[in-house]
Amino acid sequence: QKEVEQNSGPLSVPEGAIASLNCTYSDRGSQSFFWYRQYSGKSPELIMSIYSNGDKEDGRFTAQLNKASQYVSLLIRDSQPSDSATYLCAVTANSGNTPLVFGKGTRLSVIA
Amino acid sequence: DVKVTQSSRYLVKRTGEKVFLECVQDMDHENMFWYRQDPGLGLRLIYFSYDVKMKEKGDIPEGYSVSREKKERFSLILESASTNQTSMYLCASSETFPGYNEQFFGPGTRLTVL
Chain A
1 QKEVEQNSGP
11 LSVPEGAIAS
21 LNCTYSDRGS
31 QSFFWYRQYS
41 GKSPELIMSI
51 YSNGDKEDGR
61 FTAQLNKASQ
71 YVSLLIRDSQ
81 PSDSATYLCA
91 VTANSGNTPL
101 VFGKGTRLSV
111 IA
Chain B
113 DVKVTQSSRY
123 LVKRTGEKVF
133 LECVQDMDHE
143 NMFWYRQDPG
153 LGLRLIYFSY
163 DVKMKEKGDI
173 PEGYSVSREK
183 KERFSLILES
193 ASTNQTSMYL
203 CASSETFPGY
213 NEQFFGPGTR
223 LTVL
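Residue numbers (the working numbering), protein chains in the order written: chain A, 1 to 112; chain B, 113 to 226.
Following this line, the structure appears as structure tokens:
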């Protein structure tokens with residue numbers, strides 16, 4: 001059974017701080033990694049994708065991937081109250097029609 | 113922008129009714145997915161389809177069926193709705209090539225079965 005593990009939280013950070021969200025996965029053959037943001041009552045929204053080891057930055061978001069450790073993380077710099085949401089990690093093998101395996105999500109709360 | 117739409121945002125049905133949930137995507141994606149999401153259980157894959165008239169069971173297909181007669185449309189059918197099918201239902205789509213697997217979600221349908 002392919003698994004993706006996330007700490008459910010809530011993770012509370014003060015406004016302006018760096019929020020660090022972590023995810024581990026069990027399938028060593030995984031090649032594609034995604035972070036989704038989901039506001040309460042809404043559907044998941046893709047915010048980051050990463051495919052190779054290292055860091056990928058997009059605005060205030062940085063995704064980090066370490067395939068040897070089977071670990072992917074999301075850093076949110078200068079956290080804002082509007083970042084308060086549940087963040088879902090998703091992983092898949094590199095086949096075009098392979099479904100994603102989702103973690104259960106980490107709830108982030110940014111305190112003003 | 114990819115757009116995935118679902119036929120209803122909120123739906124209330126009675127036990128035993130046949131329920132149709134419709135999903136349409138406008139980006140010519142090959143793959144379409146149906147999930148349900150429940151508190152504490154996360155997203156669970158019900159069925160997916162990688163081509164017209166093709167379907168694959170996900171993790172929890174029992175009590176559900178699907179139909180994909182056209183590339184842009186993927187329907188989820190609850191043959192005889194039960195109270196334990198009360199949930200948020202999410203449709204998603206993705207393209208097969210170049211194989212990045214990015215899935216895009218519709219707004220969701222919150223189904224209540226009484």
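Where is the CB? At the ideal position from N, CA and C, for every residue including glycine.
- In the DSSP assignment, Leu21/A falls within the unbroken beta strand (DSSP E) covering Ala19 to Tyr25.
- In this model, Asp140/B and Phe216/B are separated by some 12 Å (Cα to Cα).
- Rounded to the nearest whole angstrom, the CA to CA distance from Phe33/A to Ser109/A is 23 Å.
- Within chain B, the residues whose beta carbon sits less than 7 Å from that of Phe102/A are Gly154 and Leu155, listed in sequence order.
- Contact annotation for Gln215/B against chain A: Leu100 [CB-CB distance below 7 Å, chain order].
- For Ser49/A, the secondary structure class from DSSP, reduced to helix, strand or coil, is strand.
- Taking 7 Å as the threshold, the shortest C-beta distance from Phe160/B to chain A falls below it.
- DSSP lists Ser206/B as the beta-bridge partner residues of Asn143/B.
- Distances from the alpha-carbon of Gln149/B to those of Glu214/B, Val225/B, Gln197/B and Ser206/B put Gln197/B closest.
- At a cut-off of 7 Å, the C-beta of Gly220/B has a neighbouring C-beta in chain A.
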